[in-house]
Amino acid sequence: MTTDNAETNANKPRLQTDWSAMHFATRAIRSGQDPDPTTGSVVVPIYQTSTYRHDAVGSFKGYEYSRTGNPTRTALENALASLEGGAWGLAYASGTAAAQNISYLLNPGDHLLMSNDIYSGTYRFYVGTFARYGVATTVVDMTDPVAVAAAMRPETRIVWVETPTNPNIRITDIAAIAAIAHSGGALLIVDNTFSTPYLQQPLALDADLVLHSTTKYIGGHSDVIGGAIVGNDPDIQADLAGHQNSAGAVPGPFDCWLALRGLKTLSLRMDRHCENAMAIAEYLHDHPAIDEVFYPGLSSHKGHDIAKRQMRTFSGMVSFTTRGGAEKAVDVVQRTLLFLLAESLGGVESLIEHPAQITHISVKGSEVAVDPSLIRLSVGIEHAEDLIADLAQALA
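If you use my numbering, the sequence shown closes out at 397, no skipped numbers anywhere.
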């Protein structure tokens, strides 16, 4: 009887799961990550292979060479697409590789609009390296829709937004800038690294492409480098995928596996990151050594109302300026004990840095230069009271 039931159940067709109807935390664990059909492994295997056997000339099982595609990478790309509400995703060896892949959508004579507060690597590439190929870039305050509309040109093809921005934590109204970009025939690209798809979904606000450094919150453990692009337009997907394959800046299967592992706990970690960041921002807001705190969860933040509208909560990134200028800022970042003085962000451990001399030193003297009194915190998931005590002793 047991054997008969087992055989009957084995022959029954499995119901197809509608992942779009599921909550985020469920999709982060399951969408795009079905058990391995060969072994039943509940974790996506690391397909550590460079090539695949063909059944015959012109016949293969969906994969032929791992630069072009790999099953572990496919799982990550599908999972990210599901979480961002997109039709497709593409994974890259780094966030910078993803940002550079978007440049292939541009032609000589095209124009790009970029935020005046932005990750320094993006600025360096488009304003420096890519300018030699005949693409002009204009830097504008993306928090001011009137200024963005005035900066548009007939040849503008891309409007590039970060929100919240790096490192000043400014907030851009995605839907408003999308309308301006589309009215001028341009694509809107949103770097969603600081928010993650858990806190903000730009595609639902009419963005065309979403960019991630999966190194950060998505990986979440400071042990992997990666990037991703998510979108809906199949023509853009075909274009970008072709360049992704040609340029070859793709992540290895183990890197993809690490990013998938991080995705599973993304919602849990982000809740704690945001809770801790809010507590720290409130503490710093009233501290006599602090001039200004930049955190969209504070009602005093200029982008607070927009952030409330387009974000679930307010991310784990906090920046602030010190009274005493650059000298005081450098002293503070070198005195913390729990906050580690290091680049990057989004890991479970808390980090502190001085953007003017570390992450953004390469844009010193440019139109996106950083206030030398600014300190940036990547608030981890340690206990908030311990983190506040650490800042208190460093600021004393």
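Glycine residues also receive a C-beta, built at the ideal position from the N, C-alpha and C atoms.
Only a predicted model underlies this, so the values are computations on that prediction, with no experimental measurement involved.
Assign F195 to one of three DSSP states: helix, strand, or coil.
Start at 1 with the first residue of the sequence shown, and residue 195 comes out as number 194. The answer is coil: DSSP assigns F195 none of H, G, I, E or B.
Given a cut-off of 8 angstroms, decide if S214 and T194 are closer than it, judged by their beta-carbon atoms.
The residue labelled residue 194 in the question sits at position 193 within the sequence shown. The residue labelled residue 214 in the question sits at position 213 within the sequence shown. Yes, the pair counts as a contact, with Cβ atoms nearer than the cut-off.
For G407, does the count of other Cβ atoms within 10 angstroms reach 16, so buried, or fall short, so exposed?
The shown model of the chain, from 2 to 397, leaves out residue 407, and the question about it has no answer.
Which whole-angstrom value is the C-beta distance of F99 and F126, which I expect to be below 8 angstroms?
Locating residue 99 in the sequence shown gives position 98, where the first residue counts as 1. Locating residue 126 in the sequence shown gives position 125, where the first residue counts as 1. Note that residue 99 is Ala in the sequence shown here, rather than Phe. Not really, about 11 angstroms apart at Cβ, beyond 8 angstroms.
Backbone CA spacing between A22 and G86 [nearest angstrom]:
The count along the sequence shown starts at 1 and reaches residue 22 at position 21. The count along the sequence shown starts at 1 and reaches residue 86 at position 85. Straight-line Cα distance between these residues: approximately 11 angstroms.
For a test of the three-state rule: what should DSSP assign to F315, helix, strand or coil?
Here residue 315 corresponds to residue number 314 of the sequence shown, with the count starting at 1. Residue state, collapsed to three classes: coil.
Helix, strand or coil at Y93 according to DSSP, with G and I counted as helix:
For the purposes of this step, residue 93 is taken as the residue at position 92 of the sequence shown. DSSP places Y93 in strand when its eight states are reduced to three.
Which ranges does the alpha helix (DSSP H) cover as unbroken runs of at least 4 residues, wholly within the region 110-196, from first to last along the chain?
Counting whole runs of 4 or more residues, the region 110-196 contains the alpha helix (DSSP H) stretches 121-124, 146-152 and 175-184.
Distance between beta carbons of P168 and L342, contact taken as under 8 angstroms
Locating residue 342 in the sequence shown gives position 341, where the first residue counts as 1. Locating residue 168 in the sequence shown gives position 167, where the first residue counts as 1. About 15 angstroms; that fails the 8 angstroms criterion.
Determine the burial state of Y66: buried for a count of at least 16 other Cβ atoms within 10 Å of its Cβ, exposed for fewer.
Here residue 66 refers to the residue found at position 65 of the sequence shown. Y66 is exposed by the Cβ-count criterion.
If T157 sits next to G185, beta carbons under 8 angstroms apart, how far is it from one beta carbon to the other, in whole angstroms?
Working through the sequence shown from its first residue, we reach residue 157 at position 156. Working through the sequence shown from its first residue, we reach residue 185 at position 184. Between G185 and T157 the Cβ distance is about 5 angstroms, and since that is below 8 angstroms, they are a contact.
With H, G and I counted as helix, E and B as strand and the rest as coil, what does DSSP make of V231?
Counting from one through the sequence shown, the residue named residue 231 turns up at place 230. V231 falls in the strand class under three-state DSSP.
According to DSSP, residues forming a beta bridge with V294:
Position 293 of the sequence shown holds residue 294. Answer is F321.
Would T69 and N233 qualify as a contact pair, given that the criterion is a beta-carbon distance under 8 angstroms?
Here the question's residue 69 lines up with position 68 in the sequence shown. Here the question's residue 233 lines up with position 232 in the sequence shown. At the C-beta level, T69 and N233 stay beyond 8 angstroms of one another.
Quick check: T166 and A152, are their CB atoms within less than 8 angstroms of each other?
The residue you call residue 166 lines up with position 165 of the sequence shown. The residue you call residue 152 lines up with position 151 of the sequence shown. No, the Cβ-Cβ distance between T166 and A152 is not below 8 angstroms.
Quick one: give me the first and last residue of the alpha helix (DSSP H) that I30 is part of.
Within the sequence shown, the letter at position 29 stands for residue 30. Per DSSP, I30 is one residue of the alpha helix (DSSP H) stretching across F25 to R31.
Can you check which of these residues, A282, E328 and A57, is closest to G317 by C-alpha distance?
As a first step, residue 317 must be located in the sequence shown, where it is residue number 316. Of the candidates A282, E328 and A57, A282 places its Cα closest to the Cα of G317.
Whole-angstrom distance between L84 and E78, CA atom to CA atom:
Walking along the sequence shown from the start, residue 78 turns up at place 77. Walking along the sequence shown from the start, residue 84 turns up at place 83. Their Cα atoms are separated by approximately 10 angstroms.
Would you call the region 384-394 in contact with the region 270-287, where contact means no fewer than 3 C-beta pairs closer than 8 angstroms?
These segments touch.
Distance check for T266 and I219, CA to CA, integer angstroms please.
Within the sequence shown, residue 219 is the residue found at index 218, counting from 1. Within the sequence shown, residue 266 is the residue found at index 265, counting from 1. If you take the alpha carbons of I219 and T266, they lie about 9 angstroms apart.
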